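S.K.: Protein chains in written order, with the working numbering: chain Z, 1 to 211; chain G, 212 to 422.
We put the beta carbon where it would ideally sit given N, CA and C, even for glycine.
Because the structure is a prediction, the values reported are computed rather than measured.
There are 2 protein chains.
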Amino acid sequence: VVAQKIVSKAEGRKVRLRDVKPGAEALRLAGDCQKDPRLVELILRESSEVLRCRPNLLIVVHRLGFVLANAGIDASNVDGKDGDETVLLLPQDPDESAARMRHAIERQTGAKVGVIVNDSFGRAWRLGTVGTAIGVAGLPAVADLRGRPDRNGRLLQSTEVGIADELAAAASSLMGQADEGRPVVHIRGFSISGEGRAADLLRPPQLDLFR
Amino acid sequence: VVAQKIVSKAEGRKVRLRDVKPGAEALRLAGDCQKDPRLVELILRESSEVLRCRPNLLIVVHRLGFVLANAGIDASNVDGKDGDETVLLLPQDPDESAARMRHAIERQTGAKVGVIVNDSFGRAWRLGTVGTAIGVAGLPAVADLRGRPDRNGRLLQSTEVGIADELAAAASSLMGQADEGRPVVHIRGFSISGEGRAADLLRPPQLDLFR
C-alpha cells in the first residue's frame, strides 16, 4: 500500500499557487467557503461537481469519481515551510499508477503483488479520516460474497466487502499523517485473487441516496 | 478487535421474528422498502430516525447515533438455516461491552489492552462494507493531530484520524464475513494511548452536510 502523497510527488503533481490564476467561478466560491481563490481554482479543475460549500469546507466529486474534500488537494508534507504555498494534486490516474508499480515490482523481483494507492478521506456521517483506496491493481477492490455460505450453511444474500478500502485503512493506521515518514506498508500473508480497480468502489449515481 | 456478532450473541440480543408484532408505522414502511414488517418493527425500535427508505434498503440513525442500514440488524451467522427467522440486534451499549472485555482481560492477564467492537457498515458514496468501530475502550477513537509537525516542520492544520475505524477495518479484512469463524483479531505492536468511545466518531448534526 503506497501513500498517494509519494505517488503524486513522483508524478510531478505539485503546483505552486502563485502560478494559478483563479477564474470567475473560483472567485465566487472562494468567498463562500473562505478559501484561497487559487486553491479553489485548482479544486474546480480537478472536479466534475461541487456538492457542498461551507466556510473552510468544499466537498466535490473528483473527476475520478471520488466524493471528497478539496478534490484531495493537500499542502501537508509537500515542500518547504508555512507560507511556501505549494500544493499537491491526486495522481492523474491512480489505478494506472498502481498497475505500473505492480508490474515494476513483479519484473524486478518475480513476486506477484497487489498494489493499492491510498489517501485519507473524510466520511459523511463520521468524524476522522480513514485510509481509502484511490488506486488498485492486482487484487479485487470489492469482494462479492453473495452465495457464500455462513457458518450455519445459510447463503449470504448481499455481502459485498470493500476489501481494498479495508486494507487501505489498515495501512493508513501505520503510515500516520504527520512526521512518521512511512509512506509504504507491506501487507504479507493476505491471500486474495482477482483484478479490481478503484472505480469498482464508487457507488453509481442511481444507488447514491445522499449526494 | 471483537466482532459485533459474538458480542451481541453473548449479550442475548437474538430476537425471533415470530415474537415481533409490527405496529402501524412498520407496516407502512415495510411496503415502501419491501421488507418483512416484523424486521422493520425491530429496526424502528432500534432507531431514532429513518433517513432513507427504498426497495430492500432502509437507512436509519441508530439510537446509538450510527447512520447505517437496517439498524445493524442481521440474519447471517445467527442461528439455524434459511427460514429460521432469528435476527440479531447490535449490543445494547457497545462501548460498555468493550470496557467490560478490556477490564476482564486486564484482570485475568495483567496485560493493558484496548478493545474495539466492530461491525461492517456501508458508506454513502462507496460500494462495499468496511469494518467500523461501534464500541471502543482503552484507546482513542479519533486521534487529533492538529499542531503536530509534518516532515517539513509545517504544523498540521486539521488532521483528525478515525484511528479506531482504521483498526476496525484492518481487523475486518481478516475476520471475513462468511464461514471463516474468526470473530476476534489480536493487533499487536500498535502503540497508542488515550481513552475514547465510539460516540467520538459520530459527526455532530451541525457538521453533517449529507443527512
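Are the CB atoms of ASN118 (chain Z) and GLY131 (chain Z) within a distance shorter than 8 angstroms?
M.R.: What you label residue 131 (chain Z) is simply residue 131 of the first sequence in a count that begins at 1. What you label residue 118 (chain Z) is simply residue 118 of the first sequence in a count that begins at 1. In contact: GLY131 (chain Z) and ASN118 (chain Z) (Cβ atoms closer than 8 angstroms).
S.K.: When you compare the CB of ARG100 (chain Z) with every CB in chain G, is at least one pair closer than 8 angstroms?
M.R.: As a position in the first sequence, residue 100 (chain Z) is number 100, starting the count at 1. Judged by the 8 angstroms Cβ criterion, ARG100 (chain Z) is not in contact with chain G.
S.K.: In the DSSP assignment, what are the bridge partners of VAL87 (chain Z)?
M.R.: One-based indexing of the first sequence puts residue 87 (chain Z) at position 87. In DSSP, VAL87 (chain Z) forms a bridge with Z:VAL15.
S.K.: Closest by CA to ASP390 (chain G), which one among Z:LEU145, Z:ALA199, Z:PRO204 and Z:ARG197?
M.R.: As a position in the second sequence, residue 390 (chain G) is number 179, starting the count at 1. Out of Z:LEU145, Z:ALA199, Z:PRO204 and Z:ARG197, Z:LEU145 has the C-alpha closest to the C-alpha of ASP390 (chain G).
S.K.: If contacts are defined as beta-carbon pairs under 8 angstroms, then LEU127 (chain Z) and GLU371 (chain G) qualify, I think. What distance do you get, rounded to the angstrom?
M.R.: Taking the first sequence and counting its residues from 1, one reaches residue 127 (chain Z) at position 127. Taking the second sequence and counting its residues from 1, one reaches residue 371 (chain G) at position 160. Right, the Cβ-Cβ distance comes to about 6 angstroms (below 8 angstroms), so this counts as a contact.
S.K.: Run down chain B in chain order and give the residues with a C-beta less than 8 angstroms from the C-beta of ARG54 (chain Z).
M.R.: Absent from the structure is chain B; the protein chains it does hold are Z and G.
S.K.: Of all the residues that make up the stretch 357–381 of chain G, which are near chain Z by a beta-carbon distance shorter than 9 angstroms?
M.R.: Residues ARG359, PRO360, ASP361, ARG362, ASN363, GLY364, ARG365, LEU366, LEU367, GLN368, SER369, THR370, GLU371, VAL372, GLY373, ILE374, ALA375, ASP376, GLU377, LEU378, ALA379, ALA380 and ALA381.
S.K.: Suppose contacts are defined by Cβ-Cβ distances below 8 angstroms. Is ALA215 (chain Z) in contact with LEU202 (chain Z) by that definition?
M.R.: In the structure as shown, chain Z begins at 1 and stops at 211. Residue 215 (chain Z) is therefore absent and cannot be evaluated.
S.K.: Helix, strand or coil, according to DSSP, for ASP95 (chain Z) in the structure here?
M.R.: Your numbering for residue 95 (chain Z) matches position 95 in the first sequence. Reduced to three states, the DSSP call for ASP95 (chain Z) is helix.
S.K.: With a 10 Å radius around its C-beta and 16 neighbouring C-beta atoms as the bar for buried, classify ARG16 (chain Z) as buried or exposed.
M.R.: Taking the first residue of the first sequence as 1, we reach residue 16 (chain Z) at position 16. With fewer than 16 Cβ atoms within 10 Å of its Cβ, ARG16 (chain Z) is classed as exposed.
S.K.: Consult DSSP for HIS62 (chain Z) and reduce its assignment to one of helix, strand or coil.
M.R.: If you number the first sequence from 1, residue 62 (chain Z) lands on position 62. Strand.
S.K.: Looking only at C-alpha atoms, which of Z:VAL142, Z:LEU39, Z:LYS9 and Z:GLU11 sits nearest to GLY23 (chain Z)?
M.R.: Here residue 23 (chain Z) corresponds to residue number 23 of the first sequence, with the count starting at 1. The residue with the shortest Cα to Cα distance from GLY23 (chain Z) is Z:LEU39.
S.K.: For the alpha helix (DSSP H) containing LEU413 (chain G), name the first residue and the last one.
M.R.: Here the question's residue 413 (chain G) lines up with position 202 in the second sequence. No alpha helix (DSSP H) holds LEU413 (chain G); DSSP gives it neither H nor E.
S.K.: Just tell me which of Z:GLU11, Z:ARG188 and Z:ALA198 has its CA closest to the CA of ALA111 (chain Z).
M.R.: Your numbering for residue 111 (chain Z) matches position 111 in the first sequence. Ranking Z:GLU11, Z:ARG188 and Z:ALA198 by Cα distance to ALA111 (chain Z) puts Z:ARG188 first.
S.K.: Alpha carbon to alpha carbon, how far is PHE210 (chain Z) from PHE421 (chain G)?
M.R.: One-based indexing of the first sequence puts residue 210 (chain Z) at position 210. One-based indexing of the second sequence puts residue 421 (chain G) at position 210. Answer to the nearest angstrom: the Cα atoms are 6 angstroms apart.
S.K.: Please return the same chain residues whose Cβ sits closer than 8 angstroms to the Cβ of GLU307 (chain G), not counting the five positions on each side in sequence.
M.R.: Against the second sequence, residue 307 (chain G) aligns to sequence position 96. The residues are GLY346.
S.K.: Given this structure, state the Cα-to-Cα distance separating ALA98 (chain Z) from PRO91 (chain Z), to the nearest angstrom.
M.R.: Locating residue 98 (chain Z) in the first sequence gives position 98, counting from the first residue. Locating residue 91 (chain Z) in the first sequence gives position 91, counting from the first residue. Taking the straight line joining both Cα atoms gives about 10 angstroms.
S.K.: Starting from ASP165 (chain Z), trace the alpha helix (DSSP H) both ways and give me its first and last residue.
M.R.: Working through the first sequence from its first residue, we reach residue 165 (chain Z) at position 165. That run of the alpha helix (DSSP H) goes 163–175.
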